[in-house]
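Take a look at the structure below.
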Amino acid sequence: MKYKVVIYCLIALLFFGCLSTSKYVLDNDAKNKIEKLLSIHKEYAFIDLYEKSIVQEEKKFKIQNGDSLFDITSMELYQEFCLIVDFYSKDHPTYENIKYDKLIHKWLQKEYPPYISMDNPNIKTTMTFRRAFDFYNSKDLNEYIDSLRVLFYAKYRNNELKSLECSEARFKIWDNERRDLESRNLLNSSNSRLSPPE
Numbered sequence: 228m229k230y231k232v233v234i235y236c237l238i239a240l241l242f243f244g245c246l247s248t249s250k251y252v253l254d255n256d257a258k259n260k261i262e263k264l265l266s267i268h269k270e271y272a273f274i275d276l277y278e279k280s281i282v283q284e285e286k287k288f289k290i291q292n293g294d295s296l297f298d299i300t301s302m303e304l305y306q307e308f309c310l311i312v313d314f315y316s317k318d319h320p321t322y323e324n325i326k327y328d329k330l331i332h333k334w335l336q337k338e339y340p341p342y343i344s345m346d347n348p349n350i351k352t353t354m355t356f357r358r359a360f361d362f363y364n365s366k367d368l369n370e371y372i373d374s375l376r377v378l379f380y381a382k383y384r385n386n387e388l389k390s391l392e393c394s395e396a397r398f399k400i401w402d403n404e405r406r407d408l409e410s411r412n413l414l415n416s417s418n419s420r421l422s423p424p425e
């Protein structure tokens with residue numbers, strides 16, 4: 228009798244265990260559609276943040292019509308991480324990266340007309356962000372990055388990957404600057420608590 232009760236309990240546990248662990252499995256088409264939708268959300272979030280950042284910076288710097296606000300992100304990446312240093316070699320005695328220049332030129336030539344029209348004909352519209360995202364996800368860029376991967380692995384094996392050394396040095400400088408800023412902020416906050424209000 229006890230034997231039957233134990234078996235019934237085990238069967239019941241197994242049955243309920245299977246029910247609780249079963250999951251709905253999506254087919255590949257549904258997964259692809261959902262992933263595409265999620266990537267659109269991710270792209271929108273990036274664009275929205277970037278556009279709002281520009282508006283914020285314009286307000287911060289009191290940019291008037293006719294003045295210019297320059298985003299130097301790419302310039303800093305280029306300089307801070309020594310992106311071109313590994314293109315110079317005995318066989319290629321220049322820092323010029325012709326393959327990259329051709330790739331950028333190719334994508335700059337692609338037409339990206341806006342899908343919607345504006346009520347005001349004086350408003351100029353662009354699809355700059357769309358082009359950048361298409362480029363970011365393109366086979367062209369992936370192939371270019373793969374070619375860099377081959378070059379960089381070979382240089383790394385020969386202890387010649389200078390951009391890696393440069394970026395590691397840059398990270399050390401940033402860490403020192405961050406620690407210095409944090410210590411100054413702590414000092415300023417403690418001084419502001421000690422000073423009388425104005």
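Counting in this note's numbering, the sequence shown runs from 228 upward without gaps. Here a beta-carbon is modelled for each residue, glycine too, at the ideal position from N, C-alpha and C. Bear in mind the structure is a predicted one, so any value in this text is a computation, not a measurement.
Grouping DSSP H, G and I as helix and E and B as strand, with all else coil, what is residue i?
i           : result
residue 342 : coil
residue 365 : coil
residue 288 : coil
residue 355 : helix
residue 254 : coil
residue 299 : coil
residue 261 : helix
residue 350 : coil
What number of angstroms, rounded off, separates the C-alpha of residue i from the C-alpha of residue j?
i           : j           : result
residue 396 : residue 360 : 30 Å
residue 355 : residue 339 : 8 Å
residue 407 : residue 281 : 28 Å
residue 375 : residue 365 : 16 Å
residue 330 : residue 390 : 21 Å
residue 394 : residue 325 : 23 Å
residue 274 : residue 323 : 31 Å
residue 400 : residue 386 : 22 Å
residue 413 : residue 403 : 15 Å
residue 367 : residue 409 : 42 Å
residue 283 : residue 382 : 42 Å
residue 358 : residue 343 : 16 Å
residue 362 : residue 286 : 30 Å
residue 350 : residue 279 : 18 Å
residue 333 : residue 379 : 24 Å
residue 263 : residue 370 : 22 Å
residue 249 : residue 261 : Any answer about residue 249 is weak, because its pLDDT of 49 lies below 50 and its placement is not dependable; what the coordinates show is given next. Roughly 21 Å separates the two Cα atoms.
residue 345 : residue 258 : 35 Å
residue 335 : residue 328 : 10 Å
residue 405 : residue 415 : 15 Å
residue 377 : residue 411 : 44 Å
Where does the unbroken alpha helix (DSSP H) through residue i begin, and where does it stop?
i           : result
residue 333 : 325-335
Handout entry: Runs of beta strand (DSSP E) wholly within the region 384-409 (minimum 3 residues, chain order)
Key = Correct list: empty.
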